[in-house]
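Colleague:
Residue numbers (full-length UniProt numbering), protein chains in the order written: chain A, 1 to 287; chain B, 1 to 224.
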């Protein structure tokens with residue numbers, strides 16, 4: 001069903017009245033709810049100008065929000081590169097004909113997909129220092145955790161993509177004398193990457209959101225700097241959380257819009273991947 | 001393994017997972033109810049409802065869960081004075097359930113909406129032709145079929161929800177990740193066994209759950 005309007009008829013006079021009544025009832029309910037929220041905020045003194053004033057001052061942005069955003073984007077960028085590499089390596093390894101490669105690779109992917117990201121970050125941040133007799137920077141704890149988790153999810157996306165390339169493509173490549181590694185590198189991976197591009201970008205949105213877990217190990221990212229540290233100085237935690245949430249929403253909406261645009265492009269230009277199993281297309285809502 | 005031979009540690013390990021299960025269970029129920037309601041709103045003929053559903057999805061899908069949970073504690077509880085239980089652990093638990101539910105509901109809504117899109121348009125047209133209203137069409141004809149095609153995505157969401165439950169540790173609940181952190185800090189000589197036990201327990205629960213949902217999805221899929 002492509003359009004939702006199939007579910008109901010073009011509204012006639014009665015349906016229009018009914019819709020108008022429903023709109024009014026729900027609208028009034030919504031306004032009442034918002035009013036109640038407003039009153040609660042008011043009772044708690046959350047509308048006082050002093051709480052919102054900091055966002056008009058440049059210092060708030062230069063000292064808290066911008067450094068936090070930069071740290072978030074740094075961790076996300078490094079995590080994206082590493083998890084893409086991890087994903088490609090393990091997708092190819094899992095599809096290998098040698099069982100001594102494919103089985104361990106499959107086990108690694110399944111394991112890291114099933115373990116909460118926070119456990120991995122805690123292990124790297126608190127556990128690994130005991131093993132290497134030295135501290136692990138919070139940045140690497142976050143990035144390694146993000147890489148293992150999102151890399152595993154991406155490995156599955158790539159695998160689904162590689163398997164969705166029509167079999168004739170690989171056969172034709174073998175027929176003109178390509179070796180297996182050439183078939184993978186030159187024929188299968190580029191097409192898989194293209195077919196799975198929207199899924200990959202959506203997973204990168206998840207990765208960006210997950211950097212917020214860095215707050216838990218005191219990595220100075222956006223949640224830590226822009227909400228926690230800022231509110232410690234100004235006592236405006238609700239206001240700060242709302243502003244920072246808006247920043248996250250803008251960045252992620254841009255990335256999602258980019259994914260939508262890519263999806264339109266790939267559908268026009270690449271071969272049409274036979275609708276991947278719904279499982280592969282739904283991004284796991286971690287963090 | 002000597003770490004878990006100590007009954008105090010073993011009890012902490014068990015209660016950590018019990019919190020995870022309780023968080024997952026309660027949030028799954030609320031998120032499913034809320035998600036179905038939001039999906040129905042998003043496909044309804046009333047523009048205000050559609051806008052509300054879309055706003056919910058856009059806000060919560062794009063905000064980190066850590067921030068949502070953080071806000072539930074420092075915003076709703078500390079600042080706005082929303083208290084849900086006398087007991088501190090229980091209060092944090094319910095605040096965590098709120099955060100997990102409103103966040104997960106956005107993903108449930110999108111999964112169900114994508115399921116509605118897999119139902120052939122002719123089905124809804126036929127339902128309309130025999131005079132069913134929008135609510136009847138959705139409830140009797142479309143949603144039951146959509147439900148069967150979204151088993152796999154809902155399974156992924158449930159698994160993610162279970163893993164996400166660890167984030168409630170941010171607001172002080174002693175769930176698995178916090179217990180693991182404490183055990184690691186007091187038993188530096190056994191960090192690898194500790195990690196493997198905690199991670200292994202999640203894997204032992206969640207990998208079979210994933211296969212179960214995959215199998216169910218295949219069985220229940222509407223063959224067209």
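Even for Gly, the Cβ is constructed at its ideal location relative to N, Cα and C.
Given the structure is predicted, the values throughout are model-derived calculations rather than measurements.
Which residues mark the beginning and the end of the alpha helix (DSSP H) in which residue 210 of chain A is found?
Modeller: Start and end: 197-210.
Colleague: So which residues of chain A does residue 185 of chain B contact, with C-beta pairs closer than 8 angstroms?
Modeller: Here the neighbours are 126.
Colleague: In this structure, how does DSSP classify residue 314 of chain A when only helix, strand and coil are distinguished?
Modeller: For chain A, the structure presents residues 1 to 287; residue 314 of chain A sits outside this window and is missing.
Colleague: Could you tell me which whole alpha helix (DSSP H) segments of length 4 or greater appear in the segment 213-262 of chain A?
Modeller: As far as the segment 213-262 of chain A is concerned, its whole alpha helix (DSSP H) runs of at least 4 residues are 230-234.
Colleague: So with CB distances below 9 angstroms, who are the chain A contacts of residue 174 of chain B?
Modeller: Correct list: empty, because the minimum Cβ distance to chain A is about 13 angstroms.
Colleague: Tell me whether residue 278 of chain A is buried or exposed, calling it buried when 16 or more other Cβ atoms sit within 10 Å of its Cβ.
Modeller: Residue placement at residue 278 of chain A is flagged as unreliable, the pLDDT there being 42, under the threshold of 50; a coordinate-derived value is accordingly withheld.
Colleague: Would residue 98 of chain B pass as an interface residue toward chain A - the criterion being a Cβ-Cβ separation below 8 angstroms?
Modeller: Chain A, which has no Cβ nearer than 8 angstroms to the Cβ of residue 98 of chain B, makes this no.
Colleague: Would you kindly work out how many angstroms separate the C-alpha atoms of residue 125 of chain B and residue 12 of chain A, rounded to a whole number?
Modeller: So the two alpha carbons sit approximately 17 angstroms from each other.
Colleague: Would you be able to state if there are at least three C-beta pairs under 8 angstroms between the segment 42-53 of chain A and the segment 229-247 of chain A?
Modeller: With the cut-off at 8 angstroms, the segment 229-247 of chain A and the segment 42-53 of chain A touch.
Colleague: How would you label residue 185 of chain A, buried or exposed, when you count the other beta carbons within 10 angstroms and need 16 or more for buried?
Modeller: By the neighbour-count rule (16 or more Cβ atoms within 10 Å), residue 185 of chain A is not buried but exposed.
Colleague: Report the three-state DSSP secondary structure of residue 279 of chain A (helix, strand or coil).
Modeller: For residue 279 of chain A, the pLDDT reaches just 40, beneath the cut-off of 50, and the residue's location in the model is therefore unreliable, although a value from the coordinates is still provided. DSSP places residue 279 of chain A in helix when its eight states are reduced to three.
Colleague: If I follow the unbroken alpha helix (DSSP H) through residue 187 of chain B, where does it start and stop?
Modeller: Premise fails: residue 187 of chain B is in no alpha helix (DSSP H) and is neither H nor E.
Colleague: CB of residue 8 of chain B to nearest heavy atom of the ligand HEM: below 7 angstroms?
Modeller: As presented, the structure is devoid of all ligands, the ligand HEM included, so that no description of it is given.
Colleague: In whole angstroms, what separates the C-alpha of residue 104 of chain A from that of residue 214 of chain B?
Modeller: Each residue's Cα considered, the two are about 22 angstroms apart.
Colleague: If we count Cβ pairs, one from each stretch, closer than 8 angstroms, do we get three or more for the segment 130-143 of chain B versus the segment 81-88 of chain B?
Modeller: With the cut-off at 8 angstroms, the segment 130-143 of chain B and the segment 81-88 of chain B do not touch.
Colleague: Between the segment 68-100 of chain A and chain B, which residues of the former have a C-beta closer than 7 angstroms to a C-beta of the latter?
Modeller: If the cut-off is 7 angstroms between Cβ atoms, the segment 68-100 of chain A has nothing near chain B.
Colleague: Leaving out five residues before and five after residue 120 of chain A in sequence, what residues of the same chain have Cβ atoms less than 7 angstroms from its Cβ?
Modeller: Answer for residue 120 of chain A: 145, 148, 149, listed in chain order.
Colleague: Hey, is the segment 46-53 of chain B in contact with the segment 20-31 of chain A, meaning 3+ C-beta pairs nearer than 8 angstroms?
Modeller: These segments touch.
Colleague: In its own chain, which residues sit with a C-beta less than 7 angstroms from the C-beta of residue 201 of chain A, not counting the 5 before and 5 after it?
Modeller: Correct list, in chain order: 255, 258, 259, 262.
Colleague: Mark residue 204 of chain B as exposed unless 16 or more other C-beta atoms lie within 10 angstroms of its C-beta, in which case mark it buried.
Modeller: That one is exposed.
Colleague: Quick test of your reading: residue 79 of chain B and residue 160 of chain A, contact by CB under 8 angstroms. State the CB separation rounded to the nearest angstrom.
Modeller: Incorrect: roughly 45 angstroms between the Cβ atoms, too far for contact.
Colleague: Should residue 31 of chain A go down as buried or exposed, given a rule of 16 or more other Cβ atoms within 10 Å for buried?
Modeller: Classification of residue 31 of chain A: exposed, given that the 10 Å Cβ count is below 16.
Colleague: Examine chain B for any beta-carbon lying closer than 8 angstroms to the beta-carbon of residue 19 of chain A, and answer yes or no.
Modeller: Answer yes: the Cβ-Cβ gap between residue 19 of chain A and chain B drops below 8 angstroms somewhere.
Colleague: Quick check: is the beta carbon of residue 233 of chain A nearer than 8 angstroms to any beta carbon in chain B?
Modeller: It does not: the Cβ of residue 233 of chain A has no partner Cβ on chain B nearer than 8 angstroms.
Colleague: Along the chain, where does the alpha helix (DSSP H) that runs through residue 174 of chain B open and close?
Modeller: First-last for residue 174 of chain B: undefined, no H or E at that position.
Colleague: Less than 7 angstroms between C-beta atoms, sequence neighbours within five positions excluded: which residues of the same chain meet that for residue 42 of chain B?
Modeller: Within the same chain, residue 42 of chain B has close Cβ partners 50, 53, 54, 109, 113.
Colleague: Does the beta-carbon of residue 63 of chain B have 16 or more other beta-carbons within 10 angstroms, so that it is buried, or is it exposed?
Modeller: Its Cβ being crowded by 16 or more others within 10 Å, residue 63 of chain B is buried.
Colleague: Rank A:198, A:7, A:56, A:154 by C-alpha distance to the C-alpha of residue 108 of chain A and give the top, closest one.
Modeller: Nearest option by C-alpha distance: A:154.
Colleague: Is the beta carbon of residue 165 of chain B less than 8 angstroms from the beta carbon of residue 175 of chain B?
Modeller: For residue 165 of chain B and residue 175 of chain B, yes; Cβs fall inside 8 angstroms.
Colleague: Counting only beta-carbon separations shorter than 8 angstroms, does residue 92 of chain B have a partner in chain A?
Modeller: No, residue 92 of chain B lies away from the interface with chain A (no Cβ there is under 8 angstroms from its Cβ).
Colleague: Grouping DSSP H, G and I as helix and E and B as strand, with all else coil, what is residue 191 of chain B?
Modeller: Helix.
Colleague: Who are the neighbours of residue 63 of chain B on chain A, taking C-beta pairs under 7 angstroms?
Modeller: The answer, in chain order, is 245, 248, 249.
Colleague: List the residues of chain B that residue 252 of chain A touches, going by C-beta distances under 7 angstroms, in chain order.
Modeller: Under the 7 angstroms cutoff, chain B gives 62.
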